[in-house]
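Colleague: If you read the sequences in order, they're chains L and S. Going left to right, the first sequence walks through residues 106 to 245 as the working numbering numbers them. Going left to right, the second sequence walks through residues 106 to 245 as the working numbering numbers them. Don't be surprised by glycine CBs; every beta carbon is placed ideally from N, CA and C.
2 protein chains.
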Amino acid sequence: MKLLDIAEVTAESGVPPSALRYYEEKGLIQALARRGLRRQYGPEVLQVLSLIALGKRAGFSLEEIAQMFGPGGRPALPREDLHARAEDLRQQARQMDALAQMLDHVADCPAKDHLDCGKFQQLLRVASKARQRAARGGQL
Amino acid sequence: MKLLDIAEVTAESGVPPSALRYYEEKGLIQALARRGLRRQYGPEVLQVLSLIALGKRAGFSLEEIAQMFGPGGRPALPREDLHARAEDLRQQARQMDALAQMLDHVADCPAKDHLDCGKFQQLLRVASKARQRAARGGQL
DNA sequence: CTACGAATTCAAGTCAGCTTGAGGTCAAAC
DNA sequence: GTTTGACCTCAAGCTGACTTGAATTCGTAG
Chain L
106 MKLLDIAEVT
116 AESGVPPSAL
126 RYYEEKGLIQ
136 ALARRGLRRQ
146 YGPEVLQVLS
156 LIALGKRAGF
166 SLEEIAQMFG
176 PGGRPALPRE
186 DLHARAEDLR
196 QQARQMDALA
206 QMLDHVADCP
216 AKDHLDCGKF
226 QQLLRVASKA
236 RQRAARGGQL
Chain S
106 MKLLDIAEVT
116 AESGVPPSAL
126 RYYEEKGLIQ
136 ALARRGLRRQ
146 YGPEVLQVLS
156 LIALGKRAGF
166 SLEEIAQMFG
176 PGGRPALPRE
186 DLHARAEDLR
196 QQARQMDALA
206 QMLDHVADCP
216 AKDHLDCGKF
226 QQLLRVASKA
236 RQRAARGGQL
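What follows is the structure, given as structure tokens:
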């Protein structure tokens with residue numbers, strides 16, 4: 106079982122050493138051993154880092170990510186919460202698709218102001234709808 | 106044309122006055138007038154705020170949002186950039202759906218560690234794949 | 001016309017997520 | 001055995017997105 110030096114983890118993941126140490130401090134990853142002072146990571150750390158990157162992109166805080174995927178292997182959250190978050194994510198994914206459509210649209214729409222454009226308005230309504238009082242977050 | 110007091114905007118949008126003033130300072134919104142010192146907003150500010158909320162959820166900075174949807178009505182970015190961002194967003198939306206599946210899965214999967222679970226691994230691969238060297242961001 | 005309360009400005013503070021720098025340690029190459 | 005260079009720790013600094021608080025300004029109700 107090959108162990109990775111912090112620099113190797115950085116090379117393969119793109120995550121700088123300072124961030125890796127920070128993640129460790131926050132309980133998201135851990136080195137399997139030390140050689141002298143130096144951290145030695147197992148290969149699976151790369152997957153955990155993918156997971157962290159994914160979670161961050163989805164807007165989760167490091168703390169939330171740790172609760173869901175942190176070392177321990179098992180989430181520190183009740184099943185129902187996990188399913189709720191999943192539902193939220195799907196909602197968010199649809200909003201993102203709508204936003205993508207809006208960007209494509211404004212790129213080519215001739216209107217002087219995107220808010221004047223019916224198509225744009227409609228996309229915005231769709232994107233903002235259905236999220237009325239959905240869990241995480243709040244009102245807008 | 107009815108003008109809105111800052112408190113009304115807050116009431117309808119959920120965005121606190123301090124944040125509204127901050128957005129104005131950053132050029133994302135603007136009041137149509139002042140009554141004395143008090144800002145008077147047009148109703149369309151609510152749509153702009155929806156747009157901001159959407160953009161934030163998608164991980165854009167306020168500056169990026171201003172470039173895309175800021176006052177001026179027209180994006181301050183070349184068409185190609187907008188389409189590129191749209192493509193990125195769709196990618197991200199798919200990643201979010203994958204993450205949702207992962208959450209649903211870990212909620213019920215009996216494995217002691219999610220990384221031991223083949224299904225989970227597969228979902229992670231799918232989510233992390235295809236984004237190898239896609240524009241915005243970098244390596245992981 | 002005074003008083004109230006909602007809004008204003010401006011400076012400073014907060015939090016997350018890192019980065020940077022100084023000073024120290026240690027494995028491996030020479 | 002010493003030097004080198006990668007890594008370490010710890011404290012301080014930075015950016016983005018706001019919030020908070022003090023001191024002030026006004027429109028409106030009485």
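1) Closer than 8 Å, CB to CB, is L:Gly141 near chain S or not?
2) Within 8 Å of any Cβ in chain S, is that where the Cβ of L:Leu204 sits?
3) From the DSSP secondary-structure annotation, give me the bridge partner or partners of S:Asp110.
4) Need the endpoints of the alpha helix (DSSP H) that S:Arg162 sits in, please.
5) Enumerate in chain order the residues of its own chain whose CB-to-CB distance from S:Arg230 is below 8 Å, with the five nearest sequence positions on each side excluded.
6) Can you check DSSP and say which residues form a bridge with S:Ala138?
7) Output the boundary residues of the alpha helix (DSSP H) element that contains L:Lys224.
8) Nearest CA to the CA of S:Tyr128: which residue from S:Met207, S:Leu108, S:Ser155, S:Arg140?
9) Give, in chain order, every residue of the stretch 121-151 of chain S whose Cβ lies closer than 9 Å to some Cβ of chain L.
10) Which of the three DSSP states is assigned to L:Pro316 in this structure?
11) Could you name the residues of chain S that L:Val211 contacts, counting a contact when the two beta carbons are closer than 7 Å?
12) Check whether chain S comes within 8 Å of L:Gln200, counting only Cβ atoms and requiring the distance to be less than that.
13) Quick one: give me the first and last residue of the alpha helix (DSSP H) that S:Ser123 is part of.
14) Would you tell me roughly how many angstroms separate the C-alpha atoms of L:Leu228 and L:Ala205, rounded to the nearest one?
15) Between which two residues does the alpha helix (DSSP H) harbouring L:Ala181 extend?
16) Taking all protein chains shown into account, decide if L:Gln197 is buried (16 or more other Cβ within 10 angstroms of its Cβ) or exposed.
17) What would DSSP say about L:Leu245, mapped onto helix, strand or coil?
18) Any Cβ of chain S within less than 8 Å of the Cβ of L:Leu108?
19) If L:Gly147 sits next to L:Leu108, beta carbons under 8 Å apart, how far is it from one beta carbon to the other, in whole angstroms?
20) If you drop the 5 nearest sequence neighbours on each side, which residues of the same chain put their C-beta closer than 8 Å to that of L:Ala112?
21) Please confirm if S:Lys224 has its CB atom under 8 Å from at least one CB of chain L.
22) If you check the beta carbons only, do L:Leu133 and L:Gly175 fall under 8 Å apart?
23) Report yes or no: is there a C-beta of chain L within less than 8 Å of the C-beta of S:Gly164?
24) Tell me whether the beta-carbon of L:Arg184 lies closer than 8 Å to the beta-carbon of S:Ala212.
25) Under 6 Å Cβ to Cβ from L:Val153, same chain only, skipping five residues before and after it: list those, please.
26) Answer yes or no: does any C-beta atom of chain L fall closer than 8 Å to that of S:Gly171?
Modeller: So, from the data block:
1) Not one beta carbon of chain S lies nearer than 8 Å to the beta carbon of L:Gly141.
2) yes
3) Partner(s): S:Gln145.
4) 150-162
5) none
6) S:Gln145
7) 223-233
8) S:Ser155
9) Glu149, Leu151
10) This structure does not reach residue 316 of chain L, given that chain L is present from 106 up to 245, and the question cannot be answered.
11) The contacting residues are Pro180, Leu187.
12) Answer yes: the Cβ-Cβ gap between L:Gln200 and chain S drops below 8 Å somewhere.
13) 122-130
14) 10 Å
15) L:Ala181 -> no alpha helix (DSSP H), and no H or E assigned at all.
16) buried
17) In this prediction, L:Leu245 has a pLDDT of 45, which is less than 50 and means its spatial position is unreliable; nothing more can be read from the coordinates.
18) no
19) 7 Å
20) Pro122
21) no
22) yes
23) Contact with chain L is found for S:Gly164, since one of that chain's Cβ atoms lies less than 8 Å from the residue's Cβ.
24) yes
25) Ile134
26) Looking at the sequence itself, residue 171 of chain S is Ala, so the reference to Gly does not match. Cβ-Cβ to chain L under 8 Å: no for S:Ala171.
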